[in-house]
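See structure below.
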Amino acid sequence: MINIICIGKIKEKYLKEAIEDYKKRINKYHKVNIIELPDSNIDEEGKEIKKYLSKKDYTIALAIEGKEITSTELAEKIDKTFINFSTINFIIGGSLGISEDIKNLSDYKLSFSKLTFPHGLFRVILLEQIYRSFKILNNETYHK
Numbered sequence: 012m013i014n015i016i017c018i019g020k021i022k023e024k025y026l027k028e029a030i031e032d033y034k035k036r037i038n039k040y041h042k043v044n045i046i047e048l049p050d051s052n053i054d055e056e057g058k059e060i061k062k063y064l065s066k067k068d069y070t071i072a073l074a075i076e077g078k079e080i081t082s083t084e085l086a087e088k089i090d091k092t093f094i095n096f097s098t099i100n101f102i103i104g105g106s107l108g109i110s111e112d113i114k115n116l117s118d119y120k121l122s123f124s125k126l127t128f129p130h131g132l133f134r135v136i137l138l139e140q141i142y143r144s145f146k147i148l149n150n151e152t153y154h155k
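Going by my numbering, the sequence shown opens with residue 12, and the numbers climb by one from there.
What follows is the structure, given as structure tokens:
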């Protein structure tokens, strides 16, 4: 199972459609679940996120100070993680980011860039990269 735990709801129709499209694509390989939590202050958001975390899961916090890796490296990380864990949680914080408490609970901090992205668009980008990872792992045409 892959959980994408994120703060805020998607309002834009085109982003909702892209998210649903990538969820469908990923579900051919692995179950993916999106958990949307309400916007609040960073500490309250952290408390809400914590409710969905388990020590049995592998948790990746999406954080600007995290490690930048290639798509191939992300595919390898996902593949190796599923050897020891049945669930991977990806956490996308709110407009203020992710609380230090949640970052400290995470097993890995991942950065897609030093740039700041709109949350809805970033959700699509994350889903696309997860899909790309499964295509890479299955030696299927898509990744170049």
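C-beta atoms are modelled at their ideal positions from N, C-alpha and C, and glycine is treated no differently.
Predicted model, so just to flag it, every value in this text is computed and none were measured.
Q. Applying the criterion that 16 or more other CB atoms from any shown protein chain within 10 Å of the CB defines a buried residue, is residue 25 buried or exposed?
A. Along the sequence shown, one-based indexing puts residue 25 at 14. It counts as exposed.
Q.
Determine whether the beta carbon atoms of residue 113 and residue 61 lie at a separation below 8 Å.
A. Counting from 1 along the sequence shown, the entry for residue 113 is found at position 102. Counting from 1 along the sequence shown, the entry for residue 61 is found at position 50. In this structure, residue 61 lies closer than 8 Å to residue 113 by Cβ.
Q | residue 57 versus residue 64: straight-line alpha-carbon distance, rounded | A | Numbered from its first residue, the sequence shown carries residue 57 at position 46. Numbered from its first residue, the sequence shown carries residue 64 at position 53. Each residue's alpha carbon lies about 11 Å from the other.
Q: Determine which residues share a DSSP beta bridge with residue 79 and list them.
A: To locate residue 79, count along the sequence shown from 1; it is residue 68. Its beta-bridge partners are 122.
Q.
My parser needs the beta strand (DSSP E) runs of 3 or more residues fully inside the region 31-94; what are they?
A. 43-48 and 69-79
Q.
Please tell me whether residue 100 has its Cβ less than 8 Å away from any Cβ of chain B.
A. Although the question refers to chain B, the structure presented lacks it and comprises just one protein chain.
Q: Spell out the partners DSSP gives residue 105 in its beta bridges.
A: Translated into the one-based positions of the sequence shown, residue 105 becomes position 94. According to DSSP, residue 105 bridges with 108.
Q.
Tell me which residues share the same chain as residue 69 and place their Cβ nearer than 8 Å to its Cβ, disregarding the 5 neighbours each side in the sequence.
A. As a position in the sequence shown, residue 69 is number 58, starting the count at 1. Answer for residue 69: 92, 95, 96, 98, 99, 100, 118 and 119, listed in chain order.
Q: Would you check if the distance between the CB atom of residue 108 and the CB atom of residue 86 is smaller than 8 Å?
A: Stepping through the sequence shown from its first residue, residue 108 is reached at position 97. Stepping through the sequence shown from its first residue, residue 86 is reached at position 75. With a cutoff of 8 Å on beta-carbon distance, residue 108 and residue 86 are scored as not near each other.
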